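Here's the structure, in structure tokens; my notes come after.
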Amino acid sequence: EETSLQRNDAKVILRDPRDGPQLPFAFGGGMAFWGISDQKAFSQEQLPSDQHSPGAPMQHEHCGSPKACWEDVFLQRYHEPAESGRGRLLNFVKLFAHAKELKGMSREEILSHSSSFFVHWLRLAGVY
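Residue numbering for the sequence shown follows the working numbering, beginning at -7 and increasing consecutively.
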């Protein structure tokens, strides 16, 4: 009896994480709790001005408030259809600094921020 091994290799196409899950404003303070409808301009604490410097994550982005970043950056990437033979731009979101703003909070406390980026990500993921 002849046995042959089936190929189990696959083509892997990597994408630059800065175009997807590493959102350009991810280094801002407290991003998980930014409000998706907050139109106030970013404070220096939320998004330091040096994040717009040449080579910095926000160099080519022009969103100046949480609402603008949610709509013009996150949702645009989230709804972007996958190119043929490639994965979606955004299958997950990278939270930096170990999501320290969530540390020590109960589930109820986190979910009470119903208009936050984080709670909306949970909704989009279908886990809340």
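By construction, the Cβ of each residue, glycine as well, lies at the ideal position given by its N, Cα and C atoms.
What you are looking at is a predicted structure, and each value in this text was computed from that prediction instead of being measured.
Alpha-carbon spacing of residue i relative to residue j, whole angstroms
i	j	result
F109	C55	15 Å
M50	F17	6 Å
A95	G22	According to the sequence provided, residue 95 is Lys. The question's Ala does not apply to it. Computed Cα separation, rounded: 12 Å.
Q68	A89	24 Å
S106	R(-1)	47 Å
N- and C-terminal bounds of the alpha helix (DSSP H) containing residue i
i	result
F25	Counting along the chain, F25 falls outside any alpha helix (DSSP H), and DSSP gives it neither H nor E.
E100	99 to 103
Exposure of residue i, with buried meaning 16 or more beta-carbon neighbours within 10 Å
i	result
D30	buried
V85	buried
P126	With the chain covering only -7 through 120, there is no way to say anything about residue 126.
L39	buried
L(-3)	exposed
DSSP beta-bridge partners of residue i
i	result
S108	G27
Practice prompt. Write down every uninterrupted run of the beta strand (DSSP E) in the stretch 60 to 93 whose length is 3 residues or greater and which is fully enclosed by it, in chain order.
Written response: none
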